[in-house]
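A quick write-up on the structure given underneath.
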Ligand code: TYM
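So, in structure tokens, the structure goes:
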């Protein structure tokens, strides 16, 4: 039996470099490994946990699916689907919520952040976010989850719920582990925190053209370019981390050596970095243009993915209902 892999990306907009380096790269690696059966979804249901526009969601769930395809997720190798097409996720989330405590969910850093960001939207759906995510994973009995490091607290919840459920109902859910990549934490361009869709000025979109990319990279804050020691956090550390992730660790080391001797010229570093990012995104952007020219193909991928995912999810739910005394 192949081990199952499940991952998802919320339908909140086009993918950024953090999503790509932290999650999609890991998804691609596992897709090409014969040991695994890979399932990747657009987490459109999770988009409802914070305020959203109906029109934008309708568009974004498709855009994210197209981004997956352009990045190299291959429907011949992976099951690619929209989360809302498989209502078993919601059903299992409800069952799992019966063993999830409110106190545990309220203490999650991701929950606290979102409540701070949207104080008027402290909803049940938001509180239930990690439970639905656990259901996404457990409904396929997935053992490995390629996601960035920010998702680790959610995976811890998934493991706890699996354990508790197994103990109480004699189910056999595996405890899912994170599959990490070198880019598990891509820093923000603005110098603080991580690259994030919800922070303007923090991210590089995979669909940015060279001009936009240059503008975004050039606006990253820096310092005088010289010092006794290279900063370990803050804007300069973030810039060097991006250099490392896109251009390699050698280039980073060269800049660091210059920083503590002759000094660096950020204008040159940034121009080169923007160029390197653009080159690395070129195949993605070319493939994306081909895919959007064929909407029928995208429709077919969505339909086929839903059928394949539902088949696995339905079998899990039949067993769970039985064990809960509902079947
Ligand atoms: P989302 O949409 O916030 O992020 C999608 C993926 O991108 C990763 N990521 C990053 N990685 C490195 N550096 C960054 N700056 C960065 N920003 C984002 C995230 O870690 C994530 O892997 N809860 C998930 C969606 C989800 C899911 C699931 C994932 C729903 N159900 C089941 C796995 C399994 C999320 O917030 O994604």
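Residue numbers (the working numbering): 1 to 327. Just so it is clear, CB atoms sit at the ideal spot from N, CA and C, and this is done for glycine as well.
Bridge partners for residue i per DSSP, in chain order?
{"i": "residue 205", "result": "16"}
{"i": "residue 81", "result": "41"}
{"i": "residue 190", "result": "Per DSSP, none; premise fails for residue 190."}
{"i": "residue 7", "result": "40"}
Contact check, residue i vs residue j under 8 Å by CB: the rounded distance?
{"i": "residue 5", "j": "residue 146", "result": "7 Å"}
{"i": "residue 207", "j": "residue 288", "result": "7 Å"}
{"i": "residue 144", "j": "residue 162", "result": "About 14 Å; that fails the 8 Å criterion."}
{"i": "residue 249", "j": "residue 273", "result": "Between residue 273 and residue 249 the Cβ distance is about 14 Å, and since that is not below 8 Å, they are no contact."}
{"i": "residue 132", "j": "residue 57", "result": "Wrong, their Cβ atoms sit about 16 Å apart, outside the cutoff."}
On a CA-only basis, which of the options is nearest residue i? Give me that one, please.
{"i": "residue 213", "options": "157, 56, 277", "result": "277"}
{"i": "residue 81", "options": "311, 320, 327", "result": "311"}
{"i": "residue 153", "options": "52, 71, 109, 23", "result": "109"}
{"i": "residue 301", "options": "197, 73, 26", "result": "73"}
{"i": "residue 196", "options": "9, 68, 221, 158", "result": "9"}
{"i": "residue 84", "options": "226, 122, 62, 156", "result": "62"}
{"i": "residue 194", "options": "102, 157, 218, 237", "result": "237"}
{"i": "residue 141", "options": "307, 36, 325", "result": "36"}
{"i": "residue 136", "options": "76, 155, 126", "result": "155"}
{"i": "residue 3", "options": "34, 150, 240", "result": "34"}
{"i": "residue 71", "options": "280, 187, 217", "result": "280"}
Distance check for residue j and residue i, CA to CA, integer angstroms please.
{"i": "residue 54", "j": "residue 42", "result": "16 Å"}
{"i": "residue 21", "j": "residue 31", "result": "15 Å"}
{"i": "residue 65", "j": "residue 209", "result": "20 Å"}
{"i": "residue 253", "j": "residue 177", "result": "32 Å"}
{"i": "residue 321", "j": "residue 96", "result": "12 Å"}
{"i": "residue 319", "j": "residue 313", "result": "10 Å"}
{"i": "residue 99", "j": "residue 19", "result": "31 Å"}
{"i": "residue 183", "j": "residue 148", "result": "8 Å"}
{"i": "residue 202", "j": "residue 170", "result": "45 Å"}
{"i": "residue 50", "j": "residue 157", "result": "20 Å"}
{"i": "residue 173", "j": "residue 102", "result": "22 Å"}
{"i": "residue 226", "j": "residue 239", "result": "14 Å"}
{"i": "residue 259", "j": "residue 270", "result": "15 Å"}
Could I get the ranges of all uninterrupted alpha helix (DSSP H) runs contained in the region 225–275, with 4 residues as the minimum, in chain order?
Taking 4 residues as the minimum length, the alpha helix (DSSP H) runs contained wholly in the region 225–275 are 235–247, 249–259, in order along the chain.
In chain order, each alpha helix (DSSP H) run of at least 4 residues that lies wholly inside the region 136–193:
The qualifying runs are 152–169.
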